[in-house]
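Here the sequence shown is numbered in the working numbering, starting from 118 and rising by one per residue. For every residue, glycine included, the Cβ atom is placed at its ideal position computed from N, Cα and C.
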Amino acid sequence: MVNPWLAMETGADPVEHTRTVRRAHAAFLTDGTVAPPVRQVVADSWRRSADARAAADGAAPIDLDGAALGAYRDGHPLARAMPVFRELLGSFAQDGAHLLAVCDPQGRLLWVEGHRGVRRSAERMNFVVGARWDERHAGTNAPGTALAADHAVQIFAAEHYNRRVQRWTCAAAPLHDPRTGRLLGAVDITGGDHLASPHSLALVQATARAAEAHLASGTAELGVFLSALGRDEALLVVDGQRLRLGRRHSEIMVLLARHPDGLTGDQLSVLLYGEREMRPVTLRAELSRLRHLVGTLLHSRPYRLSRPVETDLCAVEDAVDAGEVRTAVGAYRGPLLPLSEAPGVQRLRAALEDRLRRTLLATRDPGLLREWSRTPWGEDDLEVWEALVEALPARSPARSAPMATADRLRAAYGLPGASSRPVRAPAAARVATFTQPPPP
118 MVNPWLAMET GADPVEHTRT VRRAHAAFLT DGTVAPPVRQ VVADSWRRSA
168 DARAAADGAA PIDLDGAALG AYRDGHPLAR AMPVFRELLG SFAQDGAHLL
218 AVCDPQGRLL WVEGHRGVRR SAERMNFVVG ARWDERHAGT NAPGTALAAD
268 HAVQIFAAEH YNRRVQRWTC AAAPLHDPRT GRLLGAVDIT GGDHLASPHS
318 LALVQATARA AEAHLASGTA ELGVFLSALG RDEALLVVDG QRLRLGRRHS
368 EIMVLLARHP DGLTGDQLSV LLYGEREMRP VTLRAELSRL RHLVGTLLHS
418 RPYRLSRPVE TDLCAVEDAV DAGEVRTAVG AYRGPLLPLS EAPGVQRLRA
468 ALEDRLRRTL LATRDPGLLR EWSRTPWGED DLEVWEALVE ALPARSPARS
518 APMATADRLR AAYGLPGASS RPVRAPAAAR VATFTQPPPP
């Protein structure tokens, strides 16, 4: 069976393959159609890039620089893994005229190292530290697509969405926190067409696993962690073992984690189903299936979790409580179980977003406001765009773009001219337009 994450089959002609994919790329940009030999993972990425209005030409934007970049990079968990990256990929990049790059979950390049001549060439497309290489800003590329698909992937030449990047080939693998399962970023090697081999993909995968093992070696106690922000299916990590839950089980785990003293069947039923008439056997069946997955972690009478469970929801709340707004915004991966209609989950989702937004707006920090406005859940938030305009110096040229966006949103919401009372998109619309990356 052909590995769908590899760019080419062994023995394929790279020159002919490039021509064929380039024609397919031109057709996609013209009429939106895509057909073989374009791989499914690439076709899906092209569609995401087009939906996000990523530029088919142009350079990736710089998101972090100067002191802000240095402070953020020094405090990032992957800083501890850099010796592993350099040991396993550093000489490979230097000797083979490649680049080693490491990015955060937002696709911001934190380290770019390797052959000096290749680095200078890559600078022309802004493949530099601080630049944003997620799919929304740079289109299909190995680190961005590895983050979106949460899987190691090769991207070859014309498979890149942005024409300026199509002379490059790259392979990248995502990295996860061994304790929480949270996505930490990706490690990437970038260079010429000769990287389109099984060896390069296997190398970045092995490097990512070695880095995760290195991070785990410094973890005293793994414990239990539940990730449910920006995901329709929660990720449960128990002592380093990852388990993806179904949607109903995700809701149950979120609610039980929120009520450590436990819930009766009636209480849990109301939080899950509201006032609808539900037979008790329905909930019991769901809990029985969940117990089969998580074992002794789930107890009954009342229904409760037998061990303390940390959640990404609480991580954001704790950061807000501590006044660490930047940490809170960075930890917020999107709405809580965005498609859930369980009343208890809906209330938690709205309360967290409301609290975080109010804290963010109160800071009037242009960097944080800009970061929020670049997310799927913040891009149509008129109040944030208007706060960003107010936070920037009156004569700053940086005000023009957010002012134009605010004007466009006011028109879309039927508000004539400058609004004296900032308005945000309805919550239901924001959840509906949020597109999450596929869960692992």
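Backbone CA spacing between residue 396 and residue 386 [nearest angstrom]: Walking along the sequence shown from the start, residue 396 turns up at place 279. Walking along the sequence shown from the start, residue 386 turns up at place 269. Taking C-alpha positions only, residue 396 is separated from residue 386 by approximately 10 Å.
Unbroken stretches of the alpha helix (DSSP H), 4 residues or longer, contained in the stretch 168 to 229: Entirely contained in the stretch 168 to 229, the alpha helix (DSSP H) runs reaching 4 residues are, in chain order, 183 to 192, 199 to 202, 208 to 212.
Option nearest residue 254 by Cα separation, candidates 209, 173, 240: In the sequence shown, residue 254 corresponds to position 137, counting from 1. Among 209, 173, 240, the Cα nearest to that of residue 254 belongs to 173.
Where the beta strand (DSSP E) containing residue 532 begins and where it ends: Numbered from 1 along the sequence shown, position 415 holds the residue referred to as residue 532. No beta strand (DSSP E) contains residue 532, which DSSP labels as neither H nor E.
Cβ pair count under 8 Å reaching 3, the stretch 310 to 317 against the stretch 459 to 475: Counting Cβ pairs under 8 Å, fewer than three are found: no touch.
Contacting residues, own chain, Cβ-Cβ under 8 Å from residue 368 (five flanking each side not counted): Looking up residue 368 in the sequence shown gives position 251. Exclusion of the five residues before and after residue 368 leaves 389, 454, 457, 459, 461, 462 as the residues of its chain whose Cβ lies within less than 8 Å of its Cβ.
Cβ pair residue 415, residue 408 closer than 7 Å: Position 298 of the sequence shown, counted from the first residue, corresponds to residue 415. Position 291 of the sequence shown, counted from the first residue, corresponds to residue 408. Less than 7 Å divides the Cβ of residue 415 from the Cβ of residue 408.
Sub-7 Å separation of residue 61 and residue 244 beta-carbons: With the chain running from 118 to 557 in the structure shown, residue 61 is simply not present.
Collapsed DSSP secondary structure at residue 322 in the structure displayed: Here residue 322 refers to the residue found at position 205 when the sequence shown is read from its first residue. It is helical.
Residue span of the alpha helix (DSSP H) that contains residue 291, given as start and end: Sequence index remark: in the sequence shown, residue 291 carries index 174 (1-based). Residue 291 -> not in any alpha helix (DSSP H); beta strand (DSSP E) instead, spanning 286 to 293.
Candidates 292, 248, 354, 510: closest to residue 175 by CA position: Walking along the sequence shown from the start, residue 175 turns up at place 58. Looking at the Cα atoms, 248 is the closest of the given residues.
Simplified DSSP state of residue 334, which is helix, strand or coil: For the purposes of this step, residue 334 is taken as residue 217 along the sequence shown, with counting starting at 1. In the structure shown, residue 334 adopts coil according to DSSP, grouped into three states.
DSSP state of residue 427 mapped onto helix, strand, coil: Numbered from 1 along the sequence shown, position 310 holds the residue referred to as residue 427. Three-state result, residue 427: strand.
Cβ-based burial, residue 322 [other Cβ within 10 Å; buried from 16]: As a position in the sequence shown, residue 322 is number 205, starting the count at 1. Classification for residue 322: buried.
Proximity of residue 211 and residue 224 at Cβ, strictly below 7 Å: Locating residue 211 in the sequence shown gives position 94, where the first residue counts as 1. Locating residue 224 in the sequence shown gives position 107, where the first residue counts as 1. In this structure, the beta-carbon distance from residue 211 to residue 224 does not fall below 7 Å.
Buried versus exposed, by CB contacts within 10 Å (16 or more), residue 430: Counted from its first residue, the sequence shown places residue 430 at position 313. Counting C-beta atoms within 10 angstroms of its own C-beta, residue 430 has 16 or more neighbours from the protein chains shown and is therefore classed as buried.
Residue 373 beta carbon less than 7 Å from that of residue 328: As a first step, residue 328 must be located in the sequence shown, where it is residue number 211. As a first step, residue 373 must be located in the sequence shown, where it is residue number 256. Not in contact: residue 328 and residue 373 (Cβ atoms no closer than 7 Å).
Residue range of the alpha helix (DSSP H) that includes residue 264: The residue labelled residue 264 in the question sits at position 147 within the sequence shown. Here the alpha helix (DSSP H) through residue 264 covers 259 to 266.
Per-residue DSSP class, three states only, for residue 417: Residue numbering aside, residue 417 sits at position 300 when the sequence shown is read from its first letter. Note: residue 417 maps to coil in three-state DSSP.
Other residues of its chain near residue 151: CB distance less than 7 Å, five sequence neighbours each side excluded: In the sequence shown, the residue the question calls residue 151 occupies position 34. Same-chain partners within the cutoff: 141, 145, 160, 163.
Expected contact under 8 Å - CB spacing of residue 265 and residue 252 to nearest Å: Numbered from 1 along the sequence shown, position 148 holds the residue referred to as residue 265. Numbered from 1 along the sequence shown, position 135 holds the residue referred to as residue 252. 5 Å between Cβ atoms; contact.
Residue span of the alpha helix (DSSP H) that contains residue 239, given as start and end: Against the sequence shown, residue 239 aligns to sequence position 122. Segment 233 to 240, the alpha helix (DSSP H) holding residue 239.
Nearest residue (CA-CA) to residue 347, options 398, 227, 492: Working through the sequence shown from its first residue, we reach residue 347 at position 230. Nearest C-alpha to residue 347: 492.
Option in 519, 437, 206 with minimal Cα separation from residue 307: If you number the sequence shown from 1, residue 307 lands on position 190. Taking only the C-alpha atoms, the option nearest residue 307 is 206.
Cβ neighbours of residue 508 in the same chain (closer than 8 Å, five flanking residues each side left out): As a first step, residue 508 must be located in the sequence shown, where it is residue number 391. 481, 482, 483, 486, listed in sequence order.
Sequence-distant residues of its chain with Cβ nearer than 8 Å to residue 559 (five each side left out): Outside the shown range of the chain, which is 118 to 557, sits residue 559, and nothing can be said about it.
Extent of the continuous alpha helix (DSSP H) run through residue 245: Walking along the sequence shown from the start, residue 245 turns up at place 128. From DSSP, residue 245 is part of no alpha helix (DSSP H); its letter is neither H nor E.
Closest residue to residue 137 among 153, 410, 148 (Cα-Cα distance): In the sequence shown, counting from the first residue as 1, residue 137 sits at position 20. With respect to the C-alpha of residue 137, the residue from 153, 410, 148 having the closest C-alpha is 153.
Residue 270 versus residue 250 - alpha carbon distance: Against the sequence shown, residue 270 aligns to sequence position 153. Against the sequence shown, residue 250 aligns to sequence position 133. So the alpha carbons of these two residues sit roughly 15 Å apart.
N- and C-terminal bounds of the beta strand (DSSP E) containing residue 348: Here the question's residue 348 lines up with position 231 in the sequence shown. Segment: none, residue 348 is in no beta strand (DSSP E) and carries neither H nor E.
Cα-Cα separation, residue 312 to residue 287: Within the sequence shown, the letter at position 195 stands for residue 312. Within the sequence shown, the letter at position 170 stands for residue 287. If you draw a straight line from the Cα of residue 312 to the Cα of residue 287, it is about 7 Å long.
Exposure of residue 490, with buried meaning 16 or more beta-carbon neighbours within 10 Å: On the sequence shown, residue 490 is found 373 positions in, with the first residue counted as 1. So residue 490 ends up on the buried side.
Integer-rounded CB distance, given that residue 194 should sit under 8 Å from residue 587: The requested residue 587 is not part of the displayed model; the chain covers only 118 to 557.
Three-way DSSP call (helix, strand, coil) for residue 360 in this model: Looking up residue 360 in the sequence shown gives position 243. In this structure, residue 360 counts as strand in the three-state DSSP scheme.
One or two residues paired with residue 271 in a DSSP bridge: Locating residue 271 in the sequence shown gives position 154, where the first residue counts as 1. 288.
Candidates 222, 197, 383, 260, of which the one nearest residue 330 by Cα: Taking the first residue of the sequence shown as position 1, residue 330 is located at position 213. Per the C-alpha coordinates, the member of 222, 197, 383, 260 positioned closest to residue 330 is 197.
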